[in-house]
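2 protein chains.
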Amino acid sequence: MTTNNSNENEATCPAQAMLKLVAGKWKPEILRLAVEQPLRFSSLLRTLKGSNKQAIAAALKELEETGLLEKVVIKQKPLHIEYYLTKQGHALIPVLQQLENIG
Amino acid sequence: MTTNNSNENEATCPAQAMLKLVAGKWKPEILRLAVEQPLRFSSLLRTLKGSNKQAIAAALKELEETGLLEKVVIKQKPLHIEYYLTKQGHALIPVLQQLENIG
DNA sequence: ACAATAAGTCAAAAAAAGATGACTACTAAC
DNA sequence: GTTAGTAGTCATCTTTTTTTGACTTATTGT
Chain A
1 MTTNNSNENE
11 ATCPAQAMLK
21 LVAGKWKPEI
31 LRLAVEQPLR
41 FSSLLRTLKG
51 SNKQAIAAAL
61 KELEETGLLE
71 KVVIKQKPLH
81 IEYYLTKQGH
91 ALIPVLQQLE
101 NIG
Chain B
1 MTTNNSNENE
11 ATCPAQAMLK
21 LVAGKWKPEI
31 LRLAVEQPLR
41 FSSLLRTLKG
51 SNKQAIAAAL
61 KELEETGLLE
71 KVVIKQKPLH
81 IEYYLTKQGH
91 ALIPVLQQLE
101 NIG
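Taken in sequence, the protein lines are chains A and B.
For what it's worth, UniProt numbering labels the leading residue of the first sequence as 1, then goes sequentially.
For what it's worth, UniProt numbering labels the leading residue of the second sequence as 1, then goes sequentially.
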């Protein structure tokens, strides 16, 4: 493993940091869906064919931790939790759309 | 799990496809450098601290195969090979710059 | 009490990405 | 013919991501 101490490598392209926030199999799709309406766990699970709870949970957690989604707990009968795009999350949407147009 | 046989998973966000083309530790940086001048293997190796031949070779190969870079062999004394941004590669640059501005 | 829905967690296995070391092919200079 | 420079390849190992199965917590309905 070569446990190196000092700070080595780290490709330092500034776009890299933002790319990492949306990297992953489900994150771009989840962000795209979040534009239309607040997201819920079970509804994502139904919508994203081929996904599973763990994948959704991990993606939502990371998107929340990196500040692209905000989690809102709604204390009601069946217990609802909603995820909203943050300001930064919204800022990302047009960029994702431009990527689509290049492809 | 719900192992459905028909066509499984594949997150079908259109931006995903383009994101995959620039995914990886070195690709965004390489594209960024390609804007300034044609790229050469050994010069990339020197410029990208923390990289190695295999990483550079793999990145260049993938960027070429996906049509973002074009490889040009220059038969001269020490054998030169240059990589140029394609039209699609160029189209990606402003999008990468926008990503930086969000971060 | 028991099952169902919603929203997860934990651990482990499998697959993909990244890192490391040794080796190849061509030309050119000495 | 040995050394040096450029541009790689191949096999292996490690790390990270993704997938899979089993279990948890809370509330509602019967």
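Ideal Cβ positions, reconstructed from N, Cα and C, are used throughout, including at glycine.
These figures come from a predicted structure and were not determined experimentally.
Counting C-beta pairs closer than 8 Å gives three or more between the segment 16–34 of chain B and the segment 91–100 of chain B, which meets the contact rule.
Here the alpha carbons of residue 80(B) and residue 88(A) stand approximately 44 Å from one another.
Around residue 35(A), the same chain offers 85, 93 as residues with beta carbons nearer than 7 Å, after the five sequence neighbours per side are excluded. In the same chain as residue 38(B), and ignoring 5 residues on each side of it, the C-beta atoms closer than 6 Å to its own belong to 82, 84, in chain order.
Residues of chain B with a Cβ closer than 9 Å to the Cβ of residue 78(A) do not exist, since the nearest Cβ in that chain sits about 22 Å away. Using a Cβ distance threshold of 8 Å, residue 57(A) and residue 96(B) do not count as a contacting pair. For residue 72(B), the pairing in a beta bridge is given by DSSP as 82(B). A straight line joining the alpha-carbon of residue 40(B) with that of residue 54(A) spans about 42 Å. Counted as a single uninterrupted DSSP element, the alpha helix (DSSP H) harbouring residue 89(B) occupies residues 87–102. For residue 102(B), a Cβ of chain A is located within less than 8 Å of the residue's own Cβ.
When 8 Å is used as the limit between beta carbons, residue 32(B) is near these residues of chain A: 13, 15, in chain order. Interface with chain B (8 Å Cβ-Cβ cutoff): residue 45(A) is excluded. Separation of the CB atoms of residue 26(A) and residue 51(A) is rounded to 6 Å, and the pair is thereby assigned contact status at 8 Å. In the three-state reduction of the DSSP assignment, residue 48(B) falls in the coil class, being assigned neither a helical nor a strand state. When the Cα atoms are used, residue 64(A) and residue 61(B) turn out to be separated by approximately 35 Å.
With respect to residue 59(B), residue 103(A) sits apart: the two C-beta atoms are not nearer than 8 Å. Residue 39(A) has 83(A) as its beta-bridge partners, per DSSP. Against chain A, the beta carbon of residue 95(B) has neighbours under 8 Å at 95, 98, 99, 102, listed in chain order.
Residue 69(A) is not a Cβ neighbour of residue 19(B), given a cutoff of 8 Å. The Cβ neighbour count for residue 24(A), taken over all protein chains shown within 10 Å, is at least 16; the residue is labelled buried. For the C-beta of residue 88(B), the chain A residues within less than 7 Å are, from N- to C-terminus, 102.
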